[in-house]
Every structure is written in structure tokens, then in C-alpha cells.
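Engineer: Have a look at the structure that comes next, please.
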Amino acid sequence: MFETVSINRVVSWHFAHELDVCAVCKYPCHDRCPTCTASSATCTLVKSQCGHVFHTECIRNWLATNNICPLCTAEWKEAP
Numbered sequence: 000m001f002e003t004v005s006i007n008r009v010v011s012w013h014f015a016h017e018l019d020v021c022a023v024c025k026y027p028c029h030d031r032c033p034t035c036t037a038s039s040a041t042c043t044l045v046k047s048q049c050g051h052v053f054h055t056e057c058i059r060n061w062l063a064t065n066n067i068c069p070l071c072t073a074e075w076k077e078a079p
């Protein structure tokens with residue numbers, strides 16, 4: 000018979016494939032965007048009700064001239 004001696008748990012995370020890159024600036028979501036004014040190493044992110052995530056500065060610029068999600072064209076509404 001076999002006996003379980005120990006179990007090692009491993010946890011990892013990653014952005015879903017479609018969220019790897021900001022659809023507006025094409026930079027990785029975990030990096031700073033080219034227009035970022037944040038003083039930290041990464042930008043803040045914002046999520047839409049349709050579930051897509053963008054750099055805050057990028058989507059703010061996008062929404063100045065558009066009112067739709069740049070990925071799925073749903074009407075833009077920020078997730079609560």
C-alpha cells in the first residue's frame with residue numbers, strides 16, 4: 000500500500016489571456032502604460048461591467064472620445 004507522507008500546495012496567478020495586454024495601449028496590464036502618471040511601478044487598473052480590464056489612464060483617454068469597451072464594443076460601464 001501507499002501512504003501519503005506530505006502534500007505541498009502551490010498557488011500561482013496570472014491574468015486571463017485576453018487581459019494580458021491593455022487593449023488601448025497594447026502594454027502588459029502588469030506594467031506601467033506609456034501615459035501613466037502614477038508614481039508606483041505599476042498602473043492602477045479598472046474593470047468594466049463586461050469584465051475587461053484596462054490601465055486607468057488608457058481607458059480614461061479612450062472614453063474621452065468613445066463610450067464603448069474597446070474589446071467587445073459594449074456600452075462602457077465601470078464594474079462596481
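For the sequence shown, numbering that gives the first Met the number 0 begins at 0 and goes up steadily by one.
For glycine and all other residues, C-beta sits at the position ideal for the given N, C-alpha and C.
Because the structure is a prediction, the values reported are computed rather than measured.
Taking the straight line between their C-alpha atoms, what separation do you get for Pro79 and Asn65?
Structural biologist: Taking the sequence shown and counting its residues from 1, the one referred to as residue 79 is at position 80. Taking the sequence shown and counting its residues from 1, the one referred to as residue 65 is at position 66. Roughly 20 Å between the two C-alpha positions.
Engineer: Quick one: residues in its chain with C-beta nearer than 7 Å to the C-beta of His13, no 5 flanking neighbours on either side, listed in chain order?
Structural biologist: To locate residue 13, count along the sequence shown from 1; it is residue 14. In this prediction, His13 has a pLDDT of 49, which is less than 50 and means its spatial position is unreliable; what the coordinates show is noted afterwards. Around His13: no qualifying Cβ.
Engineer: Look at the Cβ atom of Val23, then the Cβ atom of Trp75, and state whether they are nearer than 9 Å.
Structural biologist: Reading the sequence shown from its first residue, position 24 is the one you call residue 23. Reading the sequence shown from its first residue, position 76 is the one you call residue 75. It is not a contact, given that the beta carbons lie outside the stated cut-off.
Engineer: Under a three-way DSSP split, which group does Glu77 fall into?
Structural biologist: Taking the first residue of the sequence shown as position 1, residue 77 is located at position 78. The answer is strand: DSSP assigns Glu77 an E or B state.
Engineer: Would you mind reading off the limits of the alpha helix (DSSP H) that contains Pro62?
Structural biologist: In the sequence shown, residue 62 corresponds to position 63, counting from 1. Pro is not the amino acid found at residue 62; the sequence shown has Leu there. Taken as a continuous stretch (DSSP letters only), the alpha helix (DSSP H) holding Leu62 covers 55-62.
Engineer: List the residues that DSSP assigns as beta-bridge partners of Pro27.
Structural biologist: Locating residue 27 in the sequence shown gives position 28, counting from the first residue. Note: Pro27 sits in a beta bridge opposite Val20.
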